[in-house]
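Read the structure below first, then the notes.
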Amino acid sequence: MATRVRRTPDEARRQILEAAAKLLATGGPGAVQVRAVAAEVGVSDAAVNHHFGTREQLLTALLRFGGAKLKTELRAALDGWSEDEAADPAGLVRVLVALYADGYAELALALRQLGWRDTGSGLLDEAVGRLHAQAVATCAATGRTPPSRGAIQLTLAALHQAVATEPLFGDEFRRSVGLDASARDRLLGWWIETLRMTLAGFDPSTGARRTGHGGPGTGSAC
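Numbering (my numbering), first residue to last: 364 to 585.
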């Protein structure tokens, strides 16, 4: 007789969510069925329902699980920056891209169609704060006017929106301006360069250095 593996409730929930995330990445939201998740973990359907109630509640918990994973990976990318080097946001962008490529964009859309709404906030707050601090330090050393925190918030919000919708509508958006699928990587590079220029004290729309004297390209020091 096989030995029954006893898990704490937290361990059981984590293993169920990890299994659900694996199914999501390979088959999309439709693959995240209670029976499939239970089989992946090696528990009964009832055990999955005991911890999450319904499939919809499981999917909602999975979306939050993805958000927590994203925060952890963003923090790791931020902590990997050296205090002696200018922040390179490429790692942050790639973390966002990887998460949504694993099915979380489709999951969020599916839940929204079921009536779910995200009332939380602050997913990228830590990233905004760290990027702003790095921009202030970099611009102080180069004599440029740093971007305001608000400018970084707007840039990251636009980036986040673009990355989140890429798996859903990326090809359609590119075709709308005459680009094909091969432009995906170029577009990602454009976002990385836009964020780099913003942090370095340049106006991404013109490439002009920000000054504190008003007019186009003006940035705020705080």
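Here a beta-carbon is modelled for each residue, glycine too, at the ideal position from N, C-alpha and C.
- One Cα belongs to GLY416, the other to PHE536, and the distance between them is close to 38 Å.
- Every alpha helix (DSSP H) of 4 residues or more that sits fully in the stretch 438-493 is shown, in chain order, as 453-462 and 468-476.
- Distance between TYR467 and THR508, taken at the CA atoms: about 37 Å.
- Here the C-alpha atom of LEU494 lies approximately 15 Å from the C-alpha atom of ALA504.
- For ALA382, the enclosing alpha helix (DSSP H) stretches over residues 372-390.
- ALA402 and LEU421 have their C-alpha atoms spaced approximately 15 Å apart.
- Counting only the Cα atoms, VAL397 lies some 9 Å from SER407.
- Annotation for ARG398: the continuous alpha helix (DSSP H) segment containing it runs 397-404.
- When C-beta atoms of the stretch 422-436 are compared with those of the stretch 477-491, three or more pairs fall below 8 Å, so the two segments count as touching.
- Assigned with DSSP and collapsed to three states, ASP534 falls in helix.
- Exposed is the label assigned to THR569, since fewer than 16 other Cβ atoms lie within 10 Å of its Cβ.
- Per DSSP, ALA409 is one residue of the alpha helix (DSSP H) stretching across 408-415.
- Taking 8 Å as the upper bound for CB-CB distance, ASP534 and ALA544 are in contact here, some 6 Å apart.
- Closest in alpha carbon position to LEU387, among ALA473, LEU519, LEU486 and GLY564, is ALA473.
- Distances from the CA of LEU380 to each of GLY390, HIS414 and ARG369 were compared; the closest alpha carbon is that of HIS414.
- In the structure shown, LEU421 falls within a helical segment according to DSSP collapsed to helix, strand and coil.
- Between the alpha carbons of PRO510 and GLY552 lies a distance of about 21 Å.
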